[in-house]
């Protein structure tokens, strides 16, 4: 079962939006990596300049932003209120807009790679990387929201 089927089977209102990926990746970077200089972003391979390479999640793997990892990240994601979410990928421009997403669980995303989930206001994010077992999953909040990571 692919992700769209999973979302729809859980009765989440889901809309596929092609071509929004680049926009959402840039917005994500603005909200979660705005504390980094362009030089630092380049040094951690955040992006190669055209969006085709690099990984936004490097802000966590290079320890440049505070986050929860592994099971703690999954638990934080489970507890997060998910009324409206954007789901997008690192290497494609396909996007899912999901409403009534409270039933969305980390286990629903196990087969996904380099996937980003965030709320409408980009106040939190959950990421599953292609480096399963080594890096991620990650959960973090942006600077607009006070979060305690323990």
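Numbering (this note's numbering), first residue to last: 2 to 151. Backbone N, C-alpha and C fix where the C-beta goes; we use that ideal spot for every residue, glycine too. These numbers were taken from a predicted model, which means no experiment stands behind them.
Buried or exposed: which applies to residue 12, given that a residue is buried once 16 or more other Cβ atoms fall within 10 Å of its Cβ?
Along the chain shown, read from residue 1 onward, the residue named residue 12 stands at position 11. By the 10 Å Cβ count, residue 12 comes out exposed.
Any 3 or more C-beta pairs closer than 8 Å across the region 19–28 and the region 102–112:
By the Cβ criterion, the region 19–28 is not in contact with the region 102–112, since fewer than three pairs of Cβ atoms, one from each stretch, lie closer than 8 Å.
Any idea if residue 14 is buried or exposed, counting beta-carbon neighbours within 10 angstroms, 16 or more meaning buried?
Here residue 14 refers to the residue found at position 13 of the chain shown. Under this definition residue 14 is an exposed residue.
Nearest-angstrom Cα separation, counted from residue 59 out to residue 133
In the chain shown, the residue the question calls residue 133 occupies position 132. In the chain shown, the residue the question calls residue 59 occupies position 58. Their backbone Cα atoms lie some 14 Å apart in a straight line.
On the three-state DSSP scale, how would you describe residue 24?
By 1-based counting over the chain shown, the position of residue 24 is 23. Helix at residue 24.
Beta-carbon contacts of residue 78 that lie in its chain and below 6 Å, excluding the five residues immediately before and after:
Here residue 78 is taken as the residue at index 77 of the chain shown, counted from 1. Correct list, in chain order: 107, 127 and 140.
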